[in-house]
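In UniProt numbering, the protein residues as written are 1 to 235. Structure record follows, encoded as structure tokens.
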């Protein structure tokens, strides 16, 4: 891993995402999302600072597995292409962080093809949930607190978007403007039960939008809606 400022990621975030995050004709219908939990939201957040807000921001990247459990992501780890409410496939990338204000954190993520340098970014504002040890994190039960990085339908990478190396970058920006970022080498995979063949079809290199994929038989669409406990929740 390497910690660095990442100005190019901000530029990536202006790329249009409509063609990336749209559903595929073969996608099963995602279940309805629960109503948001009332909380202060990013603008009304009154959480205390995490750790030492005068020290440099520290964080680790976390991601969701097919059971929607968070795990730390390091160089060489797999990340999962999962079926979100908006259709297609995304990587849910979040953070566990300290030494910052947990309110209204700008969370940006991007997946990059190291061969073509093409990338797909996503950004959102969220609150980090305090963990009680000076750290705060994206909330497993609330996918809106994770960057929903669009991967498939694969109309941007000439290579398969599974079982091949890619670069994952996550950047967090405090509302004071302080920023920190990390880039790790990862291997996206299609391992969501009942949706593996469908995932590999729409994530393969050369996929054509509208191409028929095997219908999935499992559940998808993520878990959790906007909002979170203790004033933490996403936008």
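Note that the Cβ used here is the ideal one computed from N, Cα and C, for glycine as well. Source: prediction; values computed, not measured.
Neighbourhood of residue i by C-beta distance below 6 Å, restricted to the same chain and skipping five residues each side
{"i": "residue 174", "result": "100, 101"}
{"i": "residue 51", "result": "98, 99, 134"}
{"i": "residue 237", "result": "Look at the range of the chain in this structure, 1 to 235, and you will see that residue 237 is not part of it."}
{"i": "residue 49", "result": "101"}
{"i": "residue 72", "result": "60, 62"}
{"i": "residue 114", "result": "167"}
{"i": "residue 205", "result": "158, 159, 160"}
{"i": "residue 106", "result": "125, 173"}
{"i": "residue 207", "result": "153, 154"}
{"i": "residue 211", "result": "none"}
Close-in-space but distant-in-sequence residues of the same chain around residue i (CB under 8 Å, 5 per side omitted)
{"i": "residue 118", "result": "112, 156, 157"}
{"i": "residue 16", "result": "At residue 16, the pLDDT of 39 sits below 50, so the modelled position is not reliable and the matter cannot be decided from this model."}
{"i": "residue 58", "result": "51, 97, 98, 99, 180"}
{"i": "residue 140", "result": "64, 68, 69, 70, 224"}
{"i": "residue 66", "result": "80, 82, 191, 192, 193"}
{"i": "residue 53", "result": "99, 100, 101"}
{"i": "residue 178", "result": "57, 100"}
{"i": "residue 165", "result": "114, 185, 186, 187"}
{"i": "residue 176", "result": "101"}
Rounded distance between the beta-carbons of residue j and residue i, thought under 8 Å
{"i": "residue 134", "j": "residue 98", "result": "5 Å"}
{"i": "residue 185", "j": "residue 76", "result": "6 Å"}
{"i": "residue 182", "j": "residue 61", "result": "6 Å"}
{"i": "residue 121", "j": "residue 110", "result": "4 Å"}
{"i": "residue 104", "j": "residue 125", "result": "6 Å"}
Bridge-paired residues (DSSP) for residue i
{"i": "residue 150", "result": "90"}
{"i": "residue 156", "result": "Answer is none; residue 156 lacks a bridge partner."}
{"i": "residue 136", "result": "97, 130"}
7 Å Cβ shell around residue i - same chain, five flanking residues per side excluded
{"i": "residue 262", "result": "Residue 262 is absent from the structure shown; the chain starts at 1 and stops at 235."}
{"i": "residue 236", "result": "Absent from the model: residue 236. The displayed extent of the chain is 1 to 235, so no value can be given."}
{"i": "residue 203", "result": "81, 89, 151, 152, 154, 160, 161, 162, 190"}
{"i": "residue 116", "result": "157, 158"}
{"i": "residue 55", "result": "99"}
To test your reading of the DSSP string, which unbroken beta strand (DSSP E) runs of 3 or more residues are found completely within the stretch 165–222? 166–173, 179–189
Is the stretch 145–160 in contact with the stretch 123–130, if contact means three or more CB pairs nearer than 8 Å? Flag = yes, the stretch 145–160 and the stretch 123–130 touch.
Please give the ranges of any beta strand (DSSP E) in the stretch 47–131, keeping only runs that are unbroken, at least 3 residues long and fully inside the region. 58–64, 70–72, 78–80, 89–98, 105–112, 119–126
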